[in-house]
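Residue numbers (this note's numbering): 12 to 184.
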Ligand SMILES: C[S@@+](CC[C@H](N)C(=O)[O-])C[C@H]1O[C@@H](n2cnc3c(N)ncnc32)[C@H](O)[C@@H]1O
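Structure, rendered in structure tokens:
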């Protein structure tokens, strides 16, 4: 698993959060609520949501989505054990490689995936095309052909993050 080091350079504004405390790419509260609204509009029956956050960091988003979308269930997988260990709140997150996870049982996938190396991001998209049925939320414009053949583009929603308002894309598989 490789991360793209170029994307880990901090802007001046981000630097002020302190490197140790930054959860890369986190949504602001407003951004998180924008995402909650989008998910609600796409899946009005919240109890059908079994979400997985791919590369969940310390699981903050998992925690907040679970709280805001009462009745949904969220999980998170993160390759970096020390990030997983930072979380003290009751969330279902674990250390693991998202490329090794089975995606069959989920109905929503979230990937804050801009830091992924392009080849890895394409592998993930190809895996999603093979294994997943549901709503895929991604910060990256997908490029994998098997994904693009199978996925239906739903919407792009400008969403506030700790660095700027970023377009987040929603697909249905
Ligand atoms: C942009 S960060 C997002 C983190 C999280 N959303 C947060 O705000 O803390 C992407 C995360 O993906 C994780 N990651 C990268 N490759 C992974 C993989 N193959 N499996 C699981 N996690 C991975 C990184 O360690 C990093 O924490």
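In this text, a Cβ means the ideal position worked out from N, Cα and C, and glycines have one as well.
Here the structure is a predicted model, which means the values were calculated and not measured.
Closer than 6 Å: residue i CB and nearest ligand 1 heavy atom
i	result
residue 44	no
residue 126	yes
residue 129	no
residue 155	no
residue 89	yes
residue 110	yes
residue 68	yes
residue 37	yes
One or two residues paired with residue i in a DSSP bridge
i	result
residue 182	147, 164
residue 176	171
residue 61	84
residue 38	172
Short Cβ contact (7 Å threshold) for residue i with residue j
i	j	result
residue 150	residue 114	no
residue 82	residue 58	yes
residue 167	residue 177	no
residue 175	residue 164	no
residue 79	residue 47	yes
residue 98	residue 123	no
residue 147	residue 61	no
residue 153	residue 136	yes
residue 102	residue 74	yes
residue 37	residue 173	yes
residue 184	residue 160	no
### Inter-stretch contact at 8 Å, needing at least 3 Cβ pairs: the region 89–106 / the region 129–137
Touching, no.
### Query
Do three or more CB pairs link the region 88–101 to the region 63–73 at distances below 8 Å?
yes
### Task
Output the residue ranges of the beta strand (DSSP E) runs that lie fully inside the region 86–166 and measure 3 residues or longer, sorted by chain position.
103–106, 119–122, 146–149
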